[in-house]
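Undergrad:
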Amino acid sequence: MEGLVLNWSPVEIAGLHVDPLTVRARAVVDATGHPCEIVKIIQEKTGPELNTPTGKILGEKSMWADRAESTVTDNVGEVFPGLYVAGMAANAVHGSPRMGPIFGGMLLSGEKIAKILINKLK
Numbered sequence: 008m009e010g011l012v013l014n015w016s017p018v019e020i021a022g023l024h025v026d027p028l029t030v031r032a033r034a035v036v037d038a039t040g041h042p043c044e045i046v047k048i049i050q051e052k053t054g055p056e057l058n059t060p061t062g063k064i065l066g067e068k069s070m071w072a073d074r075a076e077s078t079v080t081d082n083v084g085e086v087f088p089g090l091y092v093a094g095m096a097a098n099a100v101h102g103s104p105r106m107g108p109i110f111g112g113m114l115l116s117g118e119k120i121a122k123i124l125i126n127k128l129k
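What follows is the structure, given as structure tokens:
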């Protein structure tokens, strides 16, 4: 993955004739939360090629606050070349419990992905 194509919903709704924006990126982070929207699009376009046991999004399990608080940082990382997950998107992709991490785990997840990318992109 080397960037994104952004389709603007408001532009489409307004009927404006504007091409989608393209953004080149050396790394993309899906931090879209429970829906893991960017990873879903990659899975639809490439099939089972994600860095998970099945090669696919595993989906969130039931709420388990204690477990989710730790797995939200454990699951941070690269799931497709150039595509990383953080926050609840990481738990959704890796099949971990939903909810629980209110701020502590979520902040640590963001810090972890920042450190990973700072080192990778030097």
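Residue numbering for the sequence shown follows this note's numbering, beginning at 8 and increasing consecutively.
Note that the Cβ used here is the ideal one computed from N, Cα and C, for glycine as well.
All figures in this text were calculated on a predicted structure; none of them were measured in a lab.
1. What residues match up with Asp-81 in a beta bridge as DSSP calls it?
2. What do you get for Asp-26, buried or exposed, if any count of 16 or more other CB atoms within 10 angstroms of its CB means buried?
3. Taking its Cβ as the centre, do 16 or more other Cβ atoms sit within 10 Å of His-135, making it buried, or is it exposed?
4. At 4 residues or longer, and completely inside the segment 19-101: list those alpha helix (DSSP H) runs for me, N to C.
5. Please work out which residues of its chain come closer than 6 Å, Cβ to Cβ, to Leu-28, disregarding the five sequence neighbours upstream and downstream, and give them in chain order.
6. In the DSSP assignment, the alpha helix (DSSP H) including Leu-124 goes from what residue to what residue?
TA: Walking through what the data contain:
1. None; Asp-81 has no bridge partner.
2. exposed
3. Missing from the structure shown is residue 135; the chain here goes from 8 to 129 and no further.
4. 44-53, 72-81, 95-101
5. In chain order, Leu-13 place their CB closer than 6 Å to the CB of Leu-28, counting only its own chain and leaving out the 5 sequence neighbours on each side.
6. From DSSP, the alpha helix (DSSP H) with Leu-124 extends over 111-127.
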